[in-house]
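Here the structure comes first, spelled out in structure tokens, and everything after it is commentary.
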Amino acid sequence: MTTHALNYEVMIADLKQVADKFISVNHFKVKNAEVILQISDSQEINARVYLSASDQYIVRLYRGVLESCLSFVEDTVDSYYPLVAAQTHLDRETFLRATCSCVTEYMFLHEYCHVIRGHINYRDFRKPLWVERPELELQDIRFLECDADIYAANFLFARTYSVFKDPKVAIRLCDLMQCYVVGIRSMFEMLYRVSEVEDLLHEESEHPHSLVRAYIAVCMGVSGPVSECLDEDAEECRALAMRELLSYEAFLYKDRPIDPGFLQSNFERELNIWTTREQDLVFFNLLKVQKVSIFTKAREWLRRSKRFTRDSKIQTQP
Ligand SMILES: [Zn+2]
Numbered sequence: 405m406t407t408h409a410l411n412y413e414v415m416i417a418d419l420k421q422v423a424d425k426f427i428s429v430n431h432f433k434v435k436n437a438e439v440i441l442q443i444s445d446s447q448e449i450n451a452r453v454y455l456s457a458s459d460q461y462i463v464r465l466y467r468g469v470l471e472s473c474l475s476f477v478e479d480t481v482d483s484y485y486p487l488v489a490a491q492t493h494l495d496r497e498t499f500l501r502a503t504c505s506c507v508t509e510y511m512f513l514h515e516y517c518h519v520i521r522g523h524i525n526y527r528d529f530r531k532p533l534w535v536e537r538p539e540l541e542l543q544d545i546r547f548l549e550c551d552a553d554i555y556a557a558n559f560l561f562a563r564t565y566s567v568f569k570d571p572k573v574a575i576r577l578c579d580l581m582q583c584y585v586v587g588i589r590s591m592f593e594m595l596y597r598v599s600e601v602e603d604l605l606h607e608e609s610e611h612p613h614s615l616v617r618a619y620i621a622v623c624m625g626v627s628g629p630v631s632e633c634l635d636e637d638a639e640e641c642r643a644l645a646m647r648e649l650l651s652y653e654a655f656l657y658k659d660r661p662i663d664p665g666f667l668q669s670n671f672e673r674e675l676n677i678w679t680t681r682e683q684d685l686v687f688f689n690l691l692k693v694q695k696v697s698i699f700t701k702a703r704e705w706l707r708r709s710k711r712f713t714r715d716s717k718i719q720t721q722p
């Protein structure tokens, strides 16, 4: 799949290419607006999205956070590779690059989901309530962050699966799912390590605890709303994701294991809040998914059959 070794420029090129699959294609449309991806040169460890004009949203990812992702992959994920080298069919460079692509794509998708799930309008709608009941502000923001995490993981899963279905790529599902899980878990591990005070402040923070977010994302990514649209492989993906998450966790936390009681109680609490409130966002949804037209499907069929005929001729030549 990949040939160039990972570096900052390669990482950004990969990110732009996958982001384009969401923001520049005809079948995904944001109602009455466009989405633009900007890479800022600032060293901030951050990403954000905002309405830049009445018909334009900007997703901005900062060099600081992107470089942190890259170093995490080059150090930690690289050290993990020898443990999986006997099972994966991906060589070290491809494994690192595909995993890094999942990390940055997830980060982009989290911001993109703030747009398409209507979070910006929902916040404006709820703001008057915050005056009377200030405690609602933090609750609303944490709910929206959880929603963005869940939908980002769903879209990343759908795209990972589409790579598996692409006949030009030919990568095994288990190898792709490994990069998917290691990518998501790595992104949250990186945020956790950068924060340093999260264990003390996560209750009052705008985001739930990073480790809890990682588990919600991986779990809901393979069993949430988008995955329900996939075919019979979804169940296998769930099993692969669980196995890989446990394996990678054992590697990450050999010196400092996660407290399972903390993880379970916070996981259930955040997911309960999300489940009871998720329907509130239905009216704010901005994504229009257009079906691929019959003409487009027919043209794709013709293109593939021409290639098949040509390849068969090459193979049958004496
Ligand atoms: Zn967010």
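Position one of the sequence shown corresponds to residue 405 (my numbering), numbered consecutively onward. Where a beta carbon is used, it is the ideal one built from N, C-alpha and C, also for glycine. Predicted model, so just to flag it, every value in this text is computed and none were measured.
Just how far apart, CA to CA, sit VAL469 and ALA451?
Position 65 of the sequence shown holds residue 469. Position 47 of the sequence shown holds residue 451. Approximately 8 Å between the Cα atoms of the pair.
Going by DSSP, which residues form a beta bridge with GLU653?
Position 249 of the sequence shown, counted from the start, is the residue given in the question as residue 653. Answer by DSSP bridge pairing: none, since GLU653 is not bridged.
Could you tell me the boundaries of the beta strand (DSSP E) in which ALA451 lies?
As a first step, residue 451 is located in the sequence shown; it is residue number 47 there, counting from the start. It spans 451 to 457 - the beta strand (DSSP E) in which ALA451 sits, taken as one unbroken run.
Limits of the unbroken beta strand (DSSP E) element including ARG501
In the sequence shown, the residue the question calls residue 501 occupies position 97. Run containing ARG501: none in the beta strand (DSSP E); it sits in the alpha helix (DSSP H), 496 to 520.
Does ligand 1 have even one heavy atom less than 7 Å from the beta-carbon of HIS518?
Position 114 of the sequence shown holds residue 518. Indeed, a heavy atom of ligand 1 lies less than 7 Å from the Cβ.
Check whether the Cβ atoms of TYR461 and ALA437 sit closer than 8 Å, and answer yes or no.
By 1-based counting over the sequence shown, the position of residue 461 is 57. By 1-based counting over the sequence shown, the position of residue 437 is 33. Their beta carbons are under 8 Å apart, which means TYR461 touches ALA437 by this criterion.
Just the C-alpha distance for PHE671 and LYS569, rounded to the nearest angstrom, thanks.
Walking along the sequence shown from the start, residue 671 turns up at place 267. Walking along the sequence shown from the start, residue 569 turns up at place 165. About 32 Å.
Bridge partner(s) assigned by DSSP for ALA440
In the sequence shown, residue 440 corresponds to position 36, counting from 1. The amino acid occupying residue 440 in the given sequence is Ile; Ala does not appear at that position. ILE440 is bridged to ILE462.
Quick check: what's the CA-CA separation for ARG467 versus LEU410?
Locating residue 467 in the sequence shown gives position 63, where the first residue counts as 1. Locating residue 410 in the sequence shown gives position 6, where the first residue counts as 1. Distance between the alpha carbons of ARG467 and LEU410 is about 16 Å.
On the criterion of 16 or more Cβ atoms from any shown chain inside 10 Å, does TYR412 qualify as buried, or is it exposed?
In the sequence shown, the residue the question calls residue 412 occupies position 8. Exposed, by the Cβ-count rule.
Whole angstroms are fine: how far does the CA of ILE427 sit from the CA of ASP459?
Here residue 459 refers to the residue found at position 55 of the sequence shown. Here residue 427 refers to the residue found at position 23 of the sequence shown. Their backbone Cα atoms lie some 14 Å apart in a straight line.
Helix, strand or coil for LEU690? Go by DSSP, reduced to three states.
The residue you call residue 690 lines up with position 286 of the sequence shown. Note: LEU690 maps to coil in three-state DSSP.
Could you name the residues of the same chain whose beta carbon sits closer than 6 Å to that of CYS550, not counting the 5 residues immediately before and after it, in chain order?
In the sequence shown, residue 550 corresponds to position 146, counting from 1. If we look at CYS550 and ignore the five residues flanking it on each side, its Cβ neighbours are GLU674 and TRP678.
Going by C-alpha to C-alpha distance, which of LEU580, HIS611 and LEU455 sits closest to LEU494?
Position 90 of the sequence shown, counted from the first residue, corresponds to residue 494. Looking at the Cα atoms, LEU580 is the closest of the given residues.
Tell me the rounded alpha-carbon separation between CYS578 and PHE655.
Locating residue 578 in the sequence shown gives position 174, where the first residue counts as 1. Locating residue 655 in the sequence shown gives position 251, where the first residue counts as 1. Taking the straight line from one Cα to the other gives about 19 Å.
Determine the direct distance from the alpha carbon of ASP637 to that of LEU540, and round the result to whole angstroms.
Numbered from 1 along the sequence shown, position 136 holds the residue referred to as residue 540. Numbered from 1 along the sequence shown, position 233 holds the residue referred to as residue 637. Each residue's alpha carbon lies about 40 Å from the other.
Span of the alpha helix (DSSP H) around LYS531:
Position 127 of the sequence shown holds residue 531. LYS531 -> alpha helix (DSSP H) spans 523 to 536.
Cβ-based burial, PRO612 [other Cβ within 10 Å; buried from 16]:
Stepping through the sequence shown from its first residue, residue 612 is reached at position 208. Result: buried.
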